[in-house]
Amino acid sequence: MARLYYEDVDVGAEITPLVKKPTTRQLVKWAGASGDFNEPHYDRDLAVAWGLPGVIIHGLLKYQFLVQMLTDWIGVDGDLLKISCQYRGLDYPGDTLTCTGKVLKKSIEGGRHCLECEIGVSNQRGERTTPGRAVVALPSRG
Amino acid sequence: MADTPVLTDEMKARIGTIMGPVILEVERGAIRRFAQAVGDTNPLYTDEEYARGTRHGGIVCPPGFFGWPAGEEVGAEHILSMLGRPFENVLNAGTESEFLCPIRPGDVLVSSTKLADAYEKKGNAGNLVFVVMETTYKNQADKVVARMRYIFMFY
Chain Z
1 MARLYYEDVD VGAEITPLVK KPTTRQLVKW AGASGDFNEP HYDRDLAVAW
51 GLPGVIIHGL LKYQFLVQML TDWIGVDGDL LKISCQYRGL DYPGDTLTCT
101 GKVLKKSIEG GRHCLECEIG VSNQRGERTT PGRAVVALPS RG
Chain G
1001 MADTPVLTDE MKARIGTIMG PVILEVERGA IRRFAQAVGD TNPLYTDEEY
1051 ARGTRHGGIV CPPGFFGWPA GEEVGAEHIL SMLGRPFENV LNAGTESEFL
1101 CPIRPGDVLV SSTKLADAYE KKGNAGNLVF VVMETTYKNQ ADKVVARMRY
1151 IFMFY
């Protein structure tokens, strides 16, 4: 994979989108791997008792999808410095989630060549359920 | 469904409480399991030969993975018992992270979590109570490797 350099990215540039289609099985794997054993993510009866339409995707799994979108895009020579997101809407197994983002600002901070990005997860219903921001550092051509 | 939650003065008095430390061990198998759960096939997390050829010189963790026992350091159970378990329903409202340096297999992290804030907001269906936890992770060289901020919403 070609290296992504700071100089090659313009403000407004789109981050390569990442599509995920979580299944209930993936939610179980995520629960095991992340230690998040909260019931609304695998116990349908409890989810419904809580007033939810069904089992819901873990917020932190959507966060981790955004992390992957960024680390895939910046490549092994880039660094993810900061990421934040809000879980504004619910997503469910069987949904198609699309992670997208774009570059808002470029700056050199403490010798690091940084991009501030707007990011988010949207579902096939057109809802941008998980908006956020990230800061990455890229190598520079010098 | 439970009654609408209310943030009492007694609960607000808990703001600033620090929980921990929780010791987290970073192991290759757990890194692999985490990457598989996400569906992230980046060889940097699983292929030692590939990773050795990069500037990292070896496998590193995906940002967001802190070893095992994963999740316990956030202290969600501690918050709830500390606040007297008055709230039934909770949703994750947001996450903020800062990654300062890579985490590698063999690292032993020490985490400490602070109950950073608690506040109320009027929602459509009743009162909402937000609780903010801040977790700091240090490695065996006593270097801060990451900071996380978790926001939970009780309804």
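Here the protein sequences come in this chain order: Z and G. Residue 32 in my numbering is what sits at position 32 of the first sequence, and the numbering runs on without skipping anything. Count along the second sequence from 1, add 1000, and you get the number used in my numbering. We put the CB at the ideal spot given by N, CA and C, even for glycine.
Using C-beta distances below 6 angstroms, list every residue in its chain close to residue i, excluding the 5 sequence neighbours before and after it, in chain order.
i: Thr98 of chain Z; result: Pro17, Val19, Ser122
i: Ile57 of chain Z; result: Pro22, Asp91
i: Lys1114 of chain G; result: Ile1018, Glu1134
i: Glu7 of chain Z; result: Arg141
i: Ala1141 of chain G; result: none
Given residue i, which residues of its chain have a CB within under 7 angstroms of its CB, disregarding the five upstream and five downstream residues?
i: Glu1025 of chain G; result: Gly1067, Trp1068, Val1108
Using only alpha-carbon positions, find the residue among the options that is nearest to residue i.
i: Val1090 of chain G; options: G:Pro1021, G:Gly1016, G:Ile1151, G:Arg1014; result: G:Ile1151
i: Gly101 of chain Z; options: Z:Ile108, Z:Asp72, Z:Gly110; result: Z:Asp72
i: Arg1149 of chain G; options: G:Phe1034, G:Gly1071, G:Glu1010, G:Gly1039; result: G:Gly1071
i: Leu81 of chain Z; options: G:Gly1064, G:Tyr1137, G:Leu1100; result: G:Leu1100
i: Val11 of chain Z; options: Z:Leu138, Z:His41, Z:Lys106; result: Z:Lys106
i: Ser1097 of chain G; options: G:Val1074, G:Gly1029, G:Arg1147; result: G:Arg1147
i: Glu109 of chain Z; options: Z:Val76, Z:Arg125, Z:Pro139; result: Z:Pro139
i: Asp77 of chain Z; options: G:Thr1136, G:Thr1054, G:Thr1046, G:Glu1027; result: G:Thr1054
i: Gln64 of chain Z; options: G:Leu1080, G:Pro1105, G:Asp1040; result: G:Asp1040
i: Val1129 of chain G; options: G:Phe1154, G:Thr1136, G:Gly1123; result: G:Phe1154
Throw me the rounded Cβ distance for the residue i and residue j pair, which I believe falls under 8 angstroms.
i: Gly54 of chain Z; j: Tyr87 of chain Z; result: That belief does not hold up - the Cβ atoms of Gly54 of chain Z and Tyr87 of chain Z are roughly 16 angstroms apart, past 8 angstroms.
i: Ile15 of chain Z; j: Cys117 of chain Z; result: 6 angstroms
i: Lys1138 of chain G; j: Val1110 of chain G; result: 5 angstroms
i: Ile119 of chain Z; j: Leu61 of chain Z; result: Not really, about 15 angstroms apart at Cβ, beyond 8 angstroms.
i: Gly32 of chain Z; j: Ser84 of chain Z; result: About 25 angstroms; that fails the 8 angstroms criterion.
i: Ala1030 of chain G; j: Thr1046 of chain G; result: No, Ala1030 of chain G and Thr1046 of chain G are not in contact; Cβ-Cβ is about 11 angstroms, not under 8 angstroms.
Along chain C, which residues have their Cβ under 9 angstroms away from the Cβ of residue i?
i: Trp30 of chain Z; result: Reference to chain C is not applicable here, since the protein chains of this structure are Z and G.
Taking 7 angstroms as the line, does the beta carbon of residue i fall inside it for any heavy atom of the ligand MG?
i: Tyr1137 of chain G; result: Of the ligands one can find in the structure shown there are none, so the ligand MG has no counterpart to examine.
Just to confirm, are residue i and residue j a CB contact at a threshold of 8 angstroms?
i: Ala1093 of chain G; j: Met1011 of chain G; result: no
i: Asp79 of chain Z; j: Ala137 of chain Z; result: yes
Between which two residues does the alpha helix (DSSP H) holding residue i run?
i: Asp1221 of chain G; result: For residue 1221 of chain G there is no data in the structure shown, the boundaries of chain G being 1001 and 1155.
i: Leu60 of chain Z; result: 59 to 74
Starting from residue i and walking both ways along the beta strand (DSSP E), at which residues does that stretch end?
i: Leu80 of chain Z; result: 79 to 86
i: Leu115 of chain Z; result: 112 to 122
i: Tyr1137 of chain G; result: 1126 to 1138
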